[in-house]
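Q:
Numbering (full-length UniProt numbering), first residue to last: 1 to 661.
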């Protein structure tokens, strides 16, 4: 230092040449193991700057979001206080933890502080998004709920009441309820009734009711007055008792037919034995079916599957090795590594497929080919890039392919032979299946899942039935179940897909046919919010309407009401909510965990460096272009006035003046 004596280079420095100059600092986040280093290669030991840490004392990694480090060394980064995070990587001080990052059960309105989810709401993922409302008529017992199953308490909205504190029922005609809670509805004043069910105020009791009914119940206004029967009674004067075999002690108010309790059957559930609704119902409610082992009936009827029998199976059986593979029948399992399903129907929109094995441990590397036998060159290869699949329990494997497939045949293969017992080919997600939730003239005569003739609704020419969905969905098909036995109930009608702006995206016309099910099938996906069924001429007897489609991002679930986690890449997830891929820095089934793998952050740093490099190159190119223009001007000036110095001087002055500016 004084040119009189020499000092050894301290730790973190080196000097590889002779002379009295100072030692050179090691590169950032590097140090030496000893003093007196003579080469940069001696800077081999990690010595992390603030904002960095080391897990191996060899290399340094940047502190992740939600952490900081304000001192030099290889120690781990410190986590931000609860419900706080940073907005950048490599935070060097706790003051960077100024941004709200709410835990499950909390939300933020200002991105600064977090508040607990209020009663009746929940939030099961971290982030600042608002809490989700509990399903209709449900609430939580405490604030800060973290999952939907906390919404376990019945809390009926105005216009609804509860008999059992488990479920809510709409206030019938002639009653109203103007507050939230499970209390009974109030009766209208004497000789008054409501125009519709679900009255929310006494002002709804605006119609005169001259008819006196048995049981002293109110009347119902349908243009003229008629009796409204209490639960358990039916008939014009409510004088007949529903069968004891009727589910929920409830029956059709006109003819007494009803869905049956377990162990009863027949139209009025008067006979005992067998399965409820046998041979005349398709169960959309698993409580109506037996779950007993070896019970002679399946949980779902042939052609339907799912937790509540809500999915339509396009391939309920397949012939393999001279053996018929029947769904839900493990006595027909076959050992194979491939299968072809051909449902011999009109083309269908395929969303996902379930394979059921005796054990799914060895099943992997699934491939699928989709064919349309009604078209030329209509085969599609679902390769590993497009394939999305997951194991369900120890036996099932679900998968689907990105994109839209309208086909008649699917060929599936997988690695290694396994005992295959069932194949469920889902013919699109059913996004709207209960008409009874819509207020419409005589709409209560439509019962979901019931296709009997006495539950049909007659629509005259000029009448439009509008079905509004909860969210926009991708269309696939609309099924109309009609009473084809009546000659005057097969009028000409149209099916229209309406988008969120009220615009008709697609329309299909159909005339009455001697078939029970009439399909309005759309050959391409449309995003739509509602469906209109419009009777153009004659009459149409509608017994059931089912709409199949698929959720648009970020929604998922049976009715497209659930929202994919924000940590899912592109907020895209499976029909049960699992993320296909996670955003950088996240891992787990729902991307709920932080990933401490620095690869993502190195990639991000490289991307940012690349951006800076591109910006620098752009500046250099801009400067070069400027001088090229100046040079051209000079040459032209020399050719015209032969005064090179003047040109060079004037243009140079221009350049320097521009640089100064």
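All residues carry an ideal CB built from backbone N, CA and C; glycine is no exception.
Note the first and the last residue of the continuous beta strand (DSSP E) segment covering residue 681.
A: This structure cannot settle anything about residue 681, because the visible part of the chain is limited to 1 through 661.
Q: If the criterion is Cβ atoms closer than 8 Å, does the pair residue 105 and residue 91 meet it?
A: Not closer than 8 Å, so no.
Q: Report the rounded CA-to-CA distance for residue 143 versus residue 76, giving the unit in angstroms.
A: So the two alpha carbons sit approximately 34 Å from each other.
Q: When the Cα atoms are used, what is the spatial distance from residue 420 to residue 261?
A: Each residue's Cα considered, the two are about 34 Å apart.
Q: Using C-beta distances below 7 Å, list every residue in its chain close to residue 11, excluding the 5 sequence neighbours before and after it, in chain order.
A: The residues are 31, 32 and 35.
Q: Could you tell me the alpha carbon to alpha carbon distance between residue 368 and residue 50, rounded to whole angstroms?
A: Answer to the nearest angstrom: the Cα atoms are 52 Å apart.
Q: Within 10 Å of its beta-carbon, does residue 586 have 16 or more other beta-carbons around it, so buried, or fewer, so exposed?
A: Buried.
Q: Determine the closest residue to residue 14 out of 58, 6 and 40, with distance taken between C-alpha atoms.
A: Taking only the C-alpha atoms, the option nearest residue 14 is 40.
Q: Spatial neighbours of residue 111 within its chain, please: CB distance less than 7 Å, with the 5 preceding and 5 following residues excluded, ordered by chain position.
A: Once the five neighbours on either side are set aside, the close Cβ partners of residue 111 are 99, 100 and 128.
Q: Select from 174, 151 and 182 the residue whose C-alpha is nearest the C-alpha of residue 157.
A: Answer by Cα proximity: 182.
Q: Rounded to whole angstroms, what is the Cα-Cα separation between residue 165 and residue 153?
A: Their backbone Cα atoms lie some 8 Å apart in a straight line.
Q: Could you tell me which of 199, 74 and 240 sits nearest to residue 179, measuring between CA atoms?
A: Of the candidates 199, 74 and 240, the one whose C-alpha sits nearest the C-alpha of residue 179 is 199.
Q: Report yes if the C-beta distance between residue 160 and residue 171 is below 8 Å; otherwise report no.
A: A contact, by the Cβ cut-off of 8 Å.
Q: Comparing alpha-carbon positions, which option in 205, 65 and 472 lies nearest residue 87?
A: The candidate whose alpha carbon is nearest that of residue 87 is 65.
Q: Please return the same chain residues whose Cβ sits closer than 6 Å to the Cβ of residue 267, not counting the five positions on each side in sequence.
A: If we look at residue 267 and ignore the five residues flanking it on each side, its Cβ neighbours are 257.
Q: By how many angstroms is the C-alpha of residue 135 removed from the C-alpha of residue 529?
A: Approximately 20 Å, taken between the alpha carbons.
Q: So what does DSSP say about residue 101, is it helix, strand or coil?
A: Note: residue 101 maps to coil in three-state DSSP.
Q: How many Å lie between residue 465 and residue 185 at the Cα?
A: Roughly 29 Å separates the two Cα atoms.
Q: From the DSSP output, in three-state form, read off residue 664 for me.
A: Only positions 1 to 661 of the chain appear in this structure, which leaves residue 664 out of reach.
Q: Can you grab the Cα-Cα spacing for the pair residue 21 / residue 43, in whole Å?
A: Approximately 19 Å between the Cα atoms of the pair.
Q: Do you know offhand how far residue 131's Cα is from residue 366's?
A: The straight-line gap from Cα to Cα measures roughly 38 Å.
Q: Thinking C-beta only, is residue 270 closer than 8 Å to residue 250?
A: For residue 250 and residue 270, no; Cβs fall outside 8 Å.
Q: Could you tell me which residues DSSP pairs with residue 531 in its beta bridges?
A: Answer by DSSP bridge pairing, in chain order: 467 and 497.
Q: Does residue 537 come out as helix, strand or coil in the three-state DSSP assignment?
A: Note: residue 537 maps to strand in three-state DSSP.
Q: Quick check on DSSP: helix, strand or coil for residue 149?
A: Of the three classes helix, strand and coil, the one that applies to residue 149 here is helix, per DSSP.
Q: Could you check the C-alpha separation between residue 254 and residue 234 for me, to the nearest Å?
A: Distance between the alpha carbons of residue 254 and residue 234: 6 Å.
Q: Given residue 568, which residues of its chain have a CB within under 6 Å of its CB, disregarding the five upstream and five downstream residues?
A: Closer than 6 Å at Cβ, skipping near neighbours: 579 and 591.
Q: So residue 552 and residue 472 are in contact, right, with Cβ under 8 Å, and what is the actual spacing, rounded?
A: Yes, they are in contact, since the Cβ atoms of residue 552 and residue 472 sit about 6 Å apart, within 8 Å.
Q: Give me, in chain order, the residues of the same chain whose beta-carbon lies closer than 6 Å to that of residue 589; leave out the 5 immediate sequence neighbours on both sides.
A: Cβ neighbours of residue 589 beyond the five flanking positions: 578.
Q: Classify residue 415: buried if its beta carbon has 16 or more other beta carbons within 10 angstroms, exposed otherwise.
A: Residue 415 comes out exposed.
Q: Decide if residue 565 is buried, meaning its Cβ has at least 16 other Cβ atoms within 10 Å, or exposed.
A: It is buried - the Cβ of residue 565 has at least 16 other Cβ atoms within 10 Å.
Q: Would you call the CB atoms of residue 107 and residue 146 closer than 8 Å?
A: Not a contact, by the Cβ cut-off of 8 Å.
Q: Please determine, among 141, 47 and 499, the residue with the shortest C-alpha to C-alpha distance to residue 531.
A: The shortest Cα separation from residue 531 among 141, 47 and 499 belongs to 499.
Q: Measuring only the C-alpha atoms, how far is residue 334 from residue 370?
A: The alpha-carbon atoms of residue 334 and residue 370 are separated by roughly 22 Å.
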